[in-house]
Amino acid sequence: MSVTARSQTSAGSAGWLAPAGLLLLGMLPVIAGAFRLEQLSGISDAMPANPRFSPVPLPVVLHIVSATLLSVLGPLQFVAGFRRRWPTWHRVAGRLLVACGLLVALTGLWMTLFYAPPDGTGVLLFVSRIVFGSAMLVSIVIGLAVILRRDVQGHRAWMARGYAIGLGAATQMLLLMVAEIVAGRPNELTHDSLTALSWVINLAVAEWAIRKRHAPRSRATKRSTAHVGPVLRFVSPAAK
Ligand code: HEM
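Using the working numbering, read the sequence shown as starting at 3 and increasing by one per residue.
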């Protein structure tokens with residue numbers, strides 16, 4: 003195999019790395035959601051019932067189903083090679099995922115406003131759910147509006163932001179699990195701060211990747227960003 007062919011192959015497989023990581027991370031809340039759906043449908047009681055959901059379970063069911071589709075199919079939308087090879091898939095799945103993303107955010111906001119707040123949480127969780135749930139909604143709407151005007155760069159950036167906020171659910175589970183292992187059950191302020199921090203982390207990573215992609219690239223920057231190639235390729239097919 004020639005050096006060029008070898009480097010193209012490794013660039014291609016590296017382009018899958020970040021989306022594969024996102025898929026893996028997204029499986030945390032998806033698995034929790036599957037247990038909740040089993041509990042709500044009476045198939046299994048592996049997860050204890052939550053009396054806050056029981057009177058009106060539809061929003062949480064819609065939330066879990068749409069979030070599952072978003073977490074499973076979403077990462078593929080960011081794989082440049084796949085998008086180039088299967089443009090129709092990107093368009094058809096994209097439409098479904100826009101609907102799922104909007105449903106995740108809308109049901110998340112509905113549950114924040116109308117379900118009783120979870121025990122051991124406070125106003126910070128309430129406010130951050132409203133802020134980030136609305137930000138997810140707005141990002142997806144802008145991402146859709148700009149692609150209708152053929153602004154591919156803007157579309158990629160806004161969809162990456164919307165997806166990063168959605169994936170906050172997974173970062174929260176990870177961060178709260180680690181915190182509990184290290185320091186025991188978090189109190190209200192720690193719990194709510196870690197939840198908000200997870201969204202901030204996800205958005206910061208998305209913003210960093212978007213900005214790297216748009217920054218002018220000298221030979222020196224190309225050398226210094228070589229190690230983040232997979233992340234750049236994730237938000238941009240043009241990043242080599
Ligand atoms: C892809 C992203 C997401 C996934 C996979 C996800 C997953 C889940 C799951 C599995 C539950 C059920 C929890 C349980 O059974 O106790 C849930 C509940 C909830 N989610 Fe999400 N979620 C996502 C995004 C969001 C976003 C962006 C918001 C923003 C507002 C949100 C707000 C909520 C709320 C308010 C609840 C009710 C849970 C409670 O208060 O105890 N979710 N989510």
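Even glycine gets a Cβ: it sits at the ideal position worked out from N, Cα and C.
- Placement of the Cβ of residue 106 at a distance of less than 7 Å from at least one heavy atom of ligand 1 is found.
- Cα atoms of residue 210 and residue 67: separation of roughly 30 Å, rounded to the nearest angstrom.
- Note on residue 216: under 16 other CB atoms within 10 angstroms of its CB, so exposed under the neighbour-count rule.
- The DSSP-derived three-state label of residue 81 is coil.
- Residue 212 is classed as buried because its beta carbon has at least 16 other beta carbons within 10 Å across all chains shown.
- Ligand 1 never approaches residue 57 closely enough for any of its heavy atoms to be under 7 Å from the residue's Cβ.
- With distances taken between CA atoms, residue 145 lies nearest to 103 out of 103, 20, 45.
- Exclusion of residue 46 from the 7 Å shell around ligand 1 follows from its C-beta lying no nearer than that to any non-hydrogen atom of the ligand.
- Going by beta carbons, residue 199 and residue 178 fall outside the 8 Å limit.
- When DSSP states are grouped into helix, strand and coil, residue 175 belongs to the helix group.
- Around the beta carbon of residue 194, 16 or more other beta carbons sit within 10 angstroms, so the residue counts as buried.
- Around the beta carbon of residue 189, a 10 Å sphere encloses fewer than 16 other beta carbons of the protein chains shown; the residue is thus reported as exposed.
- Residue 196 has its Cβ no nearer than 7 Å to any heavy atom of ligand 1.
- In this structure, ligand 1 has a non-hydrogen atom nearer than 7 Å to the beta-carbon of residue 69.
- Across the structure, residue 40 and residue 96 are spaced so that their CA atoms are roughly 28 Å apart.
- In this structure, residue 135 sits near residue 110, with a CB-CB distance shorter than 8 Å.
- A contact is defined here as three or more CB-CB pairs under 8 Å, and the region 73-90 meets this definition with respect to the region 158-175.
- By a beta-carbon distance limit of 8 Å, residue 37 contacts residue 48. Their separation comes to about 6 Å.
- Given a length threshold of 4 residues, each whole run of the alpha helix (DSSP H) inside the region 116-171 is given here in chain order: 125-150, 154-168.
- Note on residue 197: 16 or more other CB atoms within 10 angstroms of its CB, so buried under the neighbour-count rule.
- With a cutoff of 7 Å, residue 62 counts as near ligand 1, since its C-beta is closer than that to a heavy atom of the ligand.
- Inter-residue distance for residue 143 and residue 59 is about 26 Å (C-alpha atoms, whole angstroms).
- Rounded to whole angstroms, the separation of the alpha carbons of residue 120 and residue 83 is 42 Å.
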